[in-house]
Amino acid sequence: MEGVVAPQPREPQPVSFSRAETEDIAEAQSSEAQLTHRQFIVGVDFGTTYSSVSVLCIPKGDAGDIAVQKDEIVNISNYPNAPSHHNESRVDVPTESWYTKRSPYCNPVYHDEVNDVDASDDVEASDDEGDNIIDSDTMDIDEVDDEEDERKSLYWGYEVRQAIRQHCEPNNLASPIHRFKLLLDRGELTRTIREELAPTVQTLKERKIIKGEIDLIADFLTKLFSHTKHQMRRQYQYEGTESIKFVLCIPAIWSQKACRVMQTAMTTALQRVEFITEAFHDVDNLLIVHEPEAAAFYVLAESRDIELGEAFVLLDAGGGTVDAVTYKVTSTLPLKLEREAGTPGGALCGSSYLNENFSRLIRDRLAGEYYLIDNGYPVERKIDFILEEFENRVKRTFNPREKRKIEVFMFDGLRENTEKKFRPHEMRVDINSTRKDPTKRWLRLWDLRKDMLSIFNPCLEQISRLMLQQIEQAEAHQVFVTKVLLIGGFAASPALEYHLRKELRQFSNRRNRQVGILAPRLRGAAVASGAVLWAMKNNEDDPKREIYCSYGLLRTEPYDPEFYPAHKSQSRRKRRDKYDNEFYIKNTIYWFVNKGMVVESTNRVRTIPVTHYFPTRPSQKFLCEEILYVSDKNHESHYERGHEKNKGYEEAGKIVVDMTFLKTEGHIQPIVPPETNVRKHYRVTFDLVLTISGRNLHCVARYPCGASDNDAIRQKARICIASAFLKEMEDGG
């Protein structure tokens, strides 16, 4: 395409249009569907070490805001290869993936760095942070590979450890990847983890298994949503045509950019498993909620122990980081939280660090046992057996109040050593076959309570310090915390709860005031379940809402410094056009929505006349492409894309309108300019109508210009902008 208005970047990957019904008809059909089909709300908690999904089925004909009991929410379980003693009850799954070395599994989210688009015309196209969170902002959904190929190439969740053992080869230890959620967190606290992940990410890129970090998230979510869909079919006989409202939980500290990347990864995964099947290729009915609000909603539904005006510390004890933030309840219906004055706390002391402590203990015990190194089975995999047993059984049940017997961990090939407290077990156990194998022995850990305390105490003490620092910090600002809300995967540990209750009792005695602890019963899925409840109780389609991002379109504007004052400082950038011989400023951004703007729930933002020029080649198609940009800042319009006034912009999508029918149906004729130095060409003009409706940006192409009837709608697109309405948690005082 050769056009004045929207120059074509390399490899266009459009947000798809479809010739569509009118909005009124579509809305009527949607309303009818709500009355004739069940509706679902699906809460998604993508965690650092564990993830969970909760589902609520709303019966036919009940489309209003019904009173929901938390017991009606079903938490997805039955994850593949979950430990047998947990298979039915585990409602979370490890956020862990393993790409095998057999063959590439490459089903990437489309990647196109903004800096590479027509770079010759750009002075700068950068982000404040200097380095991109994820090197992808636009998506292209490919079909999922054959199921057999997937199974050979990507394992997830509980499958990972078993798959590694099955595929294990000497001197070829493939590492699983975990904690990759933290790639979206640009904080200093998680820098070490991001640096640790970098070599694995780079290796996967070099092997052409992924193109960027976002693929790690999209691939895992694809597996998670595929399992969710299967469980919904079993539980509800889900047909695939019923309305689903998705609720995505995100950390309160995430930037708008991180939210958008997460939304893109989620949309990609939903498309792959065909939760999204419509032509727009984007998620509809998406809600985004901060994890603290979702968790608080769950606790309110369970106990009603948090009241209006009350201050509490949210202690999110996950697998990687443990975060502590103080909030005040400013409204209960709907629930609204305000972050109190002071600095949120965080530390790398989550439950996965217990595994590292335990691993060090095991390795110290095994030092000098050189006979364990054999040709058939690497020692590292033997240690993995013990770590898996620790993860799935011992770590989750250890309570320092209880006197426990010695734990026995299987370690094949270990010889008796009384000094190290090793001895062979009475029963010989074979790992890989049913035959008896006299080489199997057991690793026996004596003085378990002492050993376990050495594993747990470093993490427990760090967490209690974080908790008490938040309480004391709030107290210094005359905010008196009365409760600690304990959530996260680590929150299910009896050892952690016991330790925190003990510390709070001592603090309460010192301060002569009571500070209690609230720990939801189903902590592994508390955030996902709370998100479902939050979605039922909150009306996100308020009459007026503030938007926290800016959205713009790439333009080529007639050079007119009187009409566009921004052009005065860009006179050297004007270029003469080959079709009409006039001067233009190419590649400017027109910001049709700016951060801080208040929009109606259904708000026609702009109607923009669009003009494209095309050569007269017989085979030329009239593909009119508009590039959509997003930014976390407020911008002035009419400056070149690379101008410092546009610093922080990112490409959000491409809108393509096929107007070839104007030529093939004879609606327009070639223009023959009188000037000899101007080329013969076609001129295509139409209106691009931009409307914000709910959490979506609707883009409608109308021809001819000025027409408003339904027949004028040639094509339309819908882009989800749910993350743009998510406000950062407010600071109080």
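Counted the way the working numbering counts, the sequence shown spans residues 106 to 838. Note that beta-carbon positions come from the ideal geometry of N, C-alpha and C, so glycine has one too.
| said: Output needed for S156: all residues of its chain with C-beta closer than 7 Å, excluding positions within five of it in sequence on either side, in chain order. | reply: Excluding sequence neighbours, S156 sits near D150, D197, V198, T200, L329.
| said: I'd like the list of long-range same chain contacts for S736, defined as Cβ closer than 6 Å, with 5 residues on each side in sequence excluded. | reply: Correct list, in chain order: S655, G753, Y754.
| message | What does the Cβ neighbour count give for G747, buried or exposed, with the cut at 16 atoms within 10 Å? | response | The residue is buried, with at least 16 neighbouring Cβ atoms inside 10 Å.
| task | Could you tell me if F766 is buried or exposed, where buried requires 16 or more neighbouring beta carbons within 10 angstroms of its beta carbon? | result | Counting Cβ neighbours within 10 Å, F766 comes out exposed, since fewer than 16 surround it.
| Backbone secondary structure at W639 - three-state DSSP | W639 sits in a helix when the DSSP states are folded into three classes.
| said: Starting from R823, trace the beta strand (DSSP E) in both directions and tell me its first and last residue. | reply: It spans 818-825 - the beta strand (DSSP E) in which R823 sits, taken as one unbroken run.
| said: I want to know whether the segment 416-433 touches the segment 282-296 - three or more CB-CB distances under 8 Å. | reply: Three or more Cβ pairs closer than 8 Å define a contact, and the segment 416-433 meets that threshold against the segment 282-296.
| What is the rounded straight-line gap between the Cα of Y787 and the Cα of A806? | Rounded to the nearest angstrom, the two C-alpha atoms are 18 Å apart.
| request: Write down the C-beta distance between Q574 and G450 rounded to the nearest angstrom, noting that I regard them as a contact closer than 8 Å. | output: Q574 to G450, Cβ: 6 Å. Contact.
| query | Any idea if A472 is buried or exposed, counting beta-carbon neighbours within 10 angstroms, 16 or more meaning buried? | reply | Taking all protein chains shown into account, A472 has fewer than 16 neighbouring C-beta atoms within 10 Å of its C-beta and is therefore exposed.
| said: Distance check for S798 and T127, CA to CA, integer angstroms please. | reply: At T127, the pLDDT of 33 sits below 50, so the modelled position is not reliable; the number obtained from the coordinates is stated separately. Looking at the two C-alpha atoms, the distance is approximately 14 Å.
| query | Looking only at DSSP bridge pairs, what is W696 linked to? | reply | Here W696 is bridged, per DSSP, to G657.
| query | At what residue ranges does the segment 470-494 contain a whole run of the alpha helix (DSSP H), taking only runs of 4 or more? | reply | DSSP runs (the alpha helix (DSSP H)) wholly in the segment 470-494: 484-494.
| Which word fits E379, buried or exposed, when buried means at least 16 other C-beta atoms lie within 10 angstroms of its C-beta? | E379 is exposed by the Cβ-count criterion.
| query | Since P714 sits in a beta bridge, which residues does DSSP pair it with? | reply | Bridge partners of P714: D792.
| query | Does the beta-carbon of Q820 have 16 or more other beta-carbons within 10 angstroms, so that it is buried, or is it exposed? | reply | Burial check for Q820: the Cβ neighbour count within 10 Å reaches 16 or more, so the residue is buried.
| request: Less than 8 Å between the CB atoms is what I'm expecting for A636 and C354, so what's the real figure, rounded? | output: Contact between A636 and C354 holds: CB atoms are separated by about 5 Å, below the 8 Å threshold.
| CB contact flag (Y403, S598, <8 Å) | Not in contact: Y403 and S598 (Cβ atoms no closer than 8 Å).
| field | First and last residue of the uninterrupted alpha helix (DSSP H) at H604 | value | 599-616 is the extent of the alpha helix (DSSP H) around H604.
| field | D236 - DSSP class collapsed to helix/strand/coil | value | Any reading at D236 must be qualified, since the residue scores a pLDDT of 35, below 50, and its modelled position is unreliable; the value itself is stated next. Reduced to three states, the DSSP call for D236 is coil.
| Is M515 helix, strand or coil by DSSP? | Correct three-state label for M515: strand.
| said: Whole angstroms are fine: how far does the CA of V434 sit from the CA of A579? | reply: Roughly 14 Å between the two C-alpha positions.
| query | If you draw a straight line from the C-alpha of I181 to the C-alpha of G594, how long is it? | reply | Answer to the nearest angstrom: the Cα atoms are 15 Å apart.
| task | Please classify L831: does DSSP put it in a helix, a strand, or coil? | result | In the three-state reduction of the DSSP assignment, L831 falls in the coil class, being assigned neither a helical nor a strand state.
| query | Along the chain, where does the beta strand (DSSP E) that runs through Y403 open and close? | reply | Not the beta strand (DSSP E): Y403 falls in the alpha helix (DSSP H), residues 396-408.
| said: What does the alpha-carbon distance come out to for the pair Q619 and E566? | reply: Spanning the alpha carbons of Q619 and E566 requires a straight line of approximately 21 Å.
| query | In three-state terms, what does DSSP make of P281? | reply | For P281, the three-state secondary structure derived from DSSP is coil.
| query | Can you check whether the CB of F351 is closer than 8 Å to the CB of I50? | reply | Outside the modelled stretch of the chain, which goes from 106 to 838, sits residue 50, for which no answer is possible.
| If you draw a straight line from the alpha carbon of A224 to that of R677, how long is it in whole angstroms? | Note that A224 scores a pLDDT of 33, beneath 50, so its modelled location is shaky; the value from the coordinates is reported in the next line. Roughly 17 Å separates the two Cα atoms.
| query | Cβ of E756 within 8 Å of Cβ of K750? | reply | A distance of 8 Å or more separates the beta carbons of E756 and K750.
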